[in-house]
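Chains as they are written, first to last, in the numbering used here: chain A, 10 to 252; chain B, 6 to 426.
Positions of the beta carbon are idealized from the N, C-alpha and C atoms, including for glycine.
One structure is given here, and the rest of the page talks about it.
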Amino acid sequence: MTALFDYLLGLGDDALVAAQRTAEWCARAPQLEEEVALANVALDQLGQARAFLTYAADLEGAGRDEDALAFLRDEHEFRNVQLVELPNGDFATTVAKTLLLAAYQNLLYTRLAQVAEPRLAGIAAKAAKESAFHVSYASVWTVRLGDGTPLSHRRMRDAVEEVWPYTHELFEPWAAPEAGLDPAALRGPWLEVVGRVLGEATLTRPPDGWAATGGRAGRHTEWFGPLLAEMQYVHRAHVGARW
Amino acid sequence: MSISAFDALIAADQKIEHQDQMPDGYRESLIRQIAQHAHSEIMGMQPEAAWIGRAPSLARKAVLIAKVQDEAGHGLYLYAVAETLGARREDLLDALHEGRQKYLSFINYPTLTWADVGALAWLTDGAAVVNQVSLCRTSYGPYARALVRICREESFHHRQGFDLLLALSRGTPEQRRELQEAVERWWWPALAMFGPADSRSTHSASSMAWRIKRASNDELRQRFVDLCVPQAEALGVRLPDPALRWNAERGHHDFTPPDYDELMRVVAGDGPRNRQRLAHRRRAHEEGAWVREAAAAHAAKQAARQSAATGALEDTAQEALAQEIDAVEEEWPLWEVFVRPRRGLGHTHAGSLRAPDAAVALHSARDLYTRREEGVSLWVVPSRSMTSSDPDLKDAYFAPAADKQYRHASSFPPPEGVEGL
Chain A
10 MTALFDYLLG
20 LGDDALVAAQ
30 RTAEWCARAP
40 QLEEEVALAN
50 VALDQLGQAR
60 AFLTYAADLE
70 GAGRDEDALA
80 FLRDEHEFRN
90 VQLVELPNGD
100 FATTVAKTLL
110 LAAYQNLLYT
120 RLAQVAEPRL
130 AGIAAKAAKE
140 SAFHVSYASV
150 WTVRLGDGTP
160 LSHRRMRDAV
170 EEVWPYTHEL
180 FEPWAAPEAG
190 LDPAALRGPW
200 LEVVGRVLGE
210 ATLTRPPDGW
220 AATGGRAGRH
230 TEWFGPLLAE
240 MQYVHRAHVG
250 ARW
Chain B
6 MSISAFDALI
16 AADQKIEHQD
26 QMPDGYRESL
36 IRQIAQHAHS
46 EIMGMQPEAA
56 WIGRAPSLAR
66 KAVLIAKVQD
76 EAGHGLYLYA
86 VAETLGARRE
96 DLLDALHEGR
106 QKYLSFINYP
116 TLTWADVGAL
126 AWLTDGAAVV
136 NQVSLCRTSY
146 GPYARALVRI
156 CREESFHHRQ
166 GFDLLLALSR
176 GTPEQRRELQ
186 EAVERWWWPA
196 LAMFGPADSR
206 STHSASSMAW
216 RIKRASNDEL
226 RQRFVDLCVP
236 QAEALGVRLP
246 DPALRWNAER
256 GHHDFTPPDY
266 DELMRVVAGD
276 GPRNRQRLAH
286 RRRAHEEGAW
296 VREAAAAHAA
306 KQAARQSAAT
316 GALEDTAQEA
326 LAQEIDAVEE
336 EWPLWEVFVR
346 PRRGLGHTHA
356 GSLRAPDAAV
366 ALHSARDLYT
376 RREEGVSLWV
386 VPSRSMTSSD
396 PDLKDAYFAP
406 AADKQYRHAS
416 SFPPPEGVEG
426 L
């Protein structure tokens, strides 16, 4: 398959798995207002996933659709980074994951909105607006937890430290000619955005040590199988059914 | 405003607003009903949220997230209405968590298959729409306005449920079997949603007299059954009541009433899922406490930093600030939300919400009051900063304007043929 197909799967799978995780908060958020907010983030991510996966399926032209790609691929066929697979943990961990992912997605989408390939640019332009809000939402909470009570400060600090090793994968070489973009170039501006928020949250940027890798090549964490098992089983139990 | 003025307003089918004087019984009935309604919205998220992770298509997953999200939103609109009557959300949630206030009994039944998600929405949201359309004419203004918004959104819930089932009815034999079984499970809990028979209902009479409720339990239940029968035919499902048949004389369907003893037992806490649902809700609330406290602590620190930046405060001001910080740690303050629907129009009041500070209030307002393209600009104002005219001086303020017709151009009809006036 073409590099673009693979690239679209990566974009779509990042968003899909992030949506699946974020939606796990439904009916268990720390405050009713956050129920509505987290569901909005999940819906935006899911919408992006559907747009990218539908595009990938159209490009492939093999009769698959977004659902075939989401529900009928096995673990090793998913191209998402491991960051989005991590369990939600407490609210601080979810806030950290959302901030670090959305800051990257916003930079990426903003650049992809400028590419010549019109369908990719169109999806990215819409997604850039959504991720800008996610950055804002997650920043607000990073600051409140970091600067809140001693307990929340500790939890926010631990969360950023726990998630940090999984961010390196976002900037590994991974591209399609149509995207014309080296992810490594995003890390500078990403550190700037993230560093500013961490500073305001009275937190420091964790040191770079062990770095997760392999998601884009289909190698995932031990948490990913159970996530797919839950997501896919009804669809797979009814072979050929329409919903 | 006196109580006799209240009675006159009710008799004239006028709305009661939150600053009006009202009988204690009216206020208590409203708080009880609105709290139960709000609790039902947020407890009702659980049986459906359990299926978000397993939704068998991405389109259905999106719809289900949006629906469960709406339920949190409806809970928020309704708690905000209760706040206008002096009932704090935190106290109402305590009453829910301690089992002192109730929620709708159907929520205590399990959702066993994907078809249950559709059957629950088609039947219980269908019942809710029948109930709430009648309630939109309730005498309490803030409740009526919230219900108009809720009803609009509930009809999406009801319809998407039917649509989900329709896909199953056109599907495989296995899908059709799950459809039939789910409808059999949800029919009776849905019928029970209208409450006890009129002859057994304890609160109905006063609620009807005060026009909080506008139709009796049995009238609404009949309306619901009559609506469901043709819809069930379209789905090709059998409703599980052998006595269900058209009665030409009455112009309605005859049907077997739900088991009211079971209803009473489940409402009292002894149903298949009561314990788990309530424990889940309590756990989410308790596990969220540190987040709520952190946000309040940050808001207090910010306030302190700002006042330090603007110079040393008088002792009394310091004390007021300390009190404010204490207050914010107990509960996030209330904010009023104003939305500009589109460019060229003014901001109008949409409702209220709780937030630790202005930034969080703006984010929440965006998610809560503009998620269906309702706005292009938002204002949030701390509720305690609003000053309102005194309802007791309503006549002194507004009646004198009534007899000054000379202020209006229409009082001076121009002679025929004269233009440009």
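ask   = Three or more C-beta pairs closer than 8 Å, one from the region 226-243 of chain B and one from the region 165-175 of chain B: is that the case here?
value = They touch, by the three-pair rule.
inquiry  = Mapping the DSSP letters down to three states, classify Asp99 of chain A as helix, strand or coil.
reply    = In the three-state DSSP reduction, Asp99 of chain A falls in the coil class, being neither helix nor strand.
task = Check the Cβ-Cβ distances between Thr213 of chain A and every residue of chain B, and say whether any is below 9 Å.
result = Not one beta carbon of chain B lies nearer than 9 Å to the beta carbon of Thr213 of chain A.
task = Taking 9 Å as the cut-off, decide whether the C-beta atoms of Leu101 of chain B and Ala40 of chain B are in contact.
result = Result yes, Cβ atoms of Leu101 of chain B and Ala40 of chain B sit closer than 9 Å.
task = Please go through the same chain and pick out, in chain order, the residues whose beta-carbon is closer than 8 Å to the beta-carbon of Glu84 of chain A, but skip the five residues on each side of it.
result = Beyond the five residues adjoining it in sequence on each side, Glu84 of chain A comes within less than 8 Å, by CB distance, of Gly227, His229, Phe233, Gly234 and Leu237 in the same chain, given in chain order.
Under 7 Å by beta carbon: chain B residues contacting Pro198 of chain A = Ordered by position in chain B, no residue passes the 7 Å Cβ test against Pro198 of chain A, which lies about 23 Å from the chain.
task = Give a yes or no on whether the C-beta atoms belonging to Leu62 of chain A and Thr11 of chain A are separated by under 9 Å.
result = No, they are not a contact pair.
request  = Figure out for me which residue from B:Pro338, B:Ala120 and B:Ala220 has the closest Cα to the Cα of Asp203 of chain B.
outcome  = Out of B:Pro338, B:Ala120 and B:Ala220, B:Ala220 has the C-alpha closest to the C-alpha of Asp203 of chain B.
query = Does the beta-carbon of Arg280 of chain B have 16 or more other beta-carbons within 10 angstroms, so that it is buried, or is it exposed?
reply = It counts as exposed.
request  = Report the residue from A:Arg73, A:Tyr16 and A:Met165 whose alpha carbon sits nearest the alpha carbon of Ala300 of chain B.
outcome  = Answer by Cα proximity: A:Met165.
query = Rounded to a whole number of angstroms, what is the C-alpha to C-alpha distance between Arg65 of chain B and Trp56 of chain B?
reply = Cα to Cα, the separation comes out at about 10 Å.
inquiry  = Need the endpoints of the alpha helix (DSSP H) that Gly435 of chain B sits in, please.
reply    = Chain B is shown only over 6 to 426; residue 435 of chain B falls outside these bounds and no answer can be derived.
ask   = Looking at C-beta atoms only, is the number of pairs between the region 355-369 of chain B and the region 383-399 of chain B that lie closer than 8 Å three or more?
value = Contact between the region 355-369 of chain B and the region 383-399 of chain B is present, because at least three Cβ pairs lie under 8 Å.
request  = Would you please verify whether the beta carbon of Trp252 of chain A is less than 9 Å from any beta carbon of chain B?
outcome  = Yes, contact with chain B.
query = In chain A, what lies closer than 7 Å to Gly176 of chain B by C-beta?
reply = Under the 7 Å cutoff, chain A gives Ala250 and Arg251.
task = List the residues of chain B whose Cβ lies closer than 8 Å to the Cβ of Glu42 of chain A, in chain order.
result = For Glu42 of chain A, the chain B residues whose Cβ falls inside 8 Å of its Cβ are Leu81, Leu358, Arg359, Ala360, Val365, Ser369, Asp372 and Leu373, in order along the chain.
ask   = Residues in the region 119-137 of chain A with C-beta within 8 Å of chain B's C-beta atoms, listed in sequence order?
value = Within the region 119-137 of chain A, no residue has its Cβ closer than 8 Å to any Cβ of chain B.
task = Answer yes or no: do Arg371 of chain B and Phe87 of chain A have a C-beta to C-beta separation smaller than 9 Å?
result = Going by beta carbons, Arg371 of chain B and Phe87 of chain A fall outside the 9 Å limit.
task = Go through its chain and collect everything with a Cβ distance to Trp127 of chain B's Cβ below 6 Å, but skip five positions before and after it.
result = Taking Trp127 of chain B as the centre and dropping the five residues before and after it, the same chain places the C-beta of Gly166, Phe167 and Leu170 closer than 6 Å to its C-beta, in chain order.
request  = With distances taken Cα to Cα, identify the nearest neighbour of Leu184 of chain B among B:Ser357, B:Arg216 and B:Ala237.
outcome  = The option with the nearest alpha carbon to Leu184 of chain B is B:Ala237.
task = For Ser357 of chain B, name the three-state secondary structure that DSSP assigns.
result = If DSSP states are grouped into helix, strand and coil, Ser357 of chain B belongs with the strands.
request  = For Pro186 of chain A, I'd like the list of residues in its chain whose CB is within less than 8 Å of its CB, leaving aside the five on either flank, ordered along the chain.
outcome  = Closer than 8 Å at the Cβ level, and outside the excluded window around Pro186 of chain A, lie Ala12 and Leu13.
ask   = Who are the neighbours of Leu73 of chain A on chain B, taking C-beta pairs under 8 Å?
value = The sequence shown places Arg at residue 73 of chain A, rather than the Leu named in the question. Residues of chain B whose Cβ lies closer than 8 Å to the Cβ of Arg73 of chain A do not exist, since the nearest Cβ in that chain is about 13 Å away.
ask   = Do Ala147 of chain A and Val93 of chain A come within 9 Å of each other at the CB atom, strictly closer than that value?
value = No, the pair does not count as a contact, with Cβ atoms beyond the cut-off.
query = Is the Cβ of Arg278 of chain B closer than 9 Å to any Cβ of chain A?
reply = No, its Cβ sits nowhere closer than 9 Å to a Cβ of chain A.
task = Using a Cβ-Cβ cut-off of less than 9 Å, give me the residues of the region 281-301 of chain B that come near chain A, in sequence order.
result = Within the region 281-301 of chain B, the residues whose Cβ lies closer than 9 Å to any Cβ of chain A are, in chain order, His285, Arg286, Arg288, Ala289, His290, Glu292, Gly293, Ala294, Trp295, Val296, Arg297, Glu298, Ala299, Ala300 and Ala301.
ask   = With 16 as the cutoff for other CB atoms within 10 Å, does Val423 of chain B come out buried or exposed?
value = It is exposed - the Cβ of Val423 of chain B has fewer than 16 other Cβ atoms within 10 Å.
request  = Just mark Leu109 of chain A as buried or exposed, buried being the case when its beta carbon has 16 or more other beta carbons within 10 Å.
outcome  = Counting Cβ neighbours within 10 Å, Leu109 of chain A comes out buried, since at least 16 surround it.
query = Where does the unbroken beta strand (DSSP E) through Val344 of chain B begin, and where does it stop?
reply = Per DSSP, Val344 of chain B belongs to the beta strand (DSSP E) from Leu339 to Arg345.
query = Any C-beta of chain A sitting closer than 9 Å to the C-beta of Trp119 of chain B?
reply = Cβ-Cβ to chain A under 9 Å: yes for Trp119 of chain B.
ask   = Are Glu379 of chain B and Ala414 of chain B closer than 9 Å when you measure CB to CB?
value = For Glu379 of chain B and Ala414 of chain B, no; Cβs fall outside 9 Å.
Straight-line gap, Ala214 of chain B to Tyr31 of chain B (C-alpha atoms, nearest Å) = Ala214 of chain B and Tyr31 of chain B have their alpha carbons spaced roughly 10 Å apart.
ask   = Between the region 48-61 of chain B and chain A, which residues of the former have CB atoms less than 7 Å from a CB of the latter, in chain order?
value = Cβ contacts with chain A: Met50, Gln51, Ala54, Ile57, Gly58, Arg59 and Pro61.
query = Is Gly80 of chain B near Glu53 of chain B, with beta carbons less than 9 Å apart?
reply = For the 9 Å CB-CB criterion, Gly80 of chain B and Glu53 of chain B do not form a contact.
inquiry  = Am I right that Ala151 of chain B and Tyr108 of chain B are in contact with their C-beta atoms under 8 Å? What's the rounded C-beta distance?
reply    = Their Cβ separation, rounded to whole angstroms, is 17 Å, which puts Ala151 of chain B and Tyr108 of chain B out of contact at 8 Å.
inquiry  = Rounded to whole angstroms, what is the Cα-Cα separation between Pro130 of chain A and Ser145 of chain A?
reply    = The sequence given here places Ala at residue 130 of chain A; Pro does not occur at that position. Rounded to the nearest angstrom, the two C-alpha atoms are 23 Å apart.
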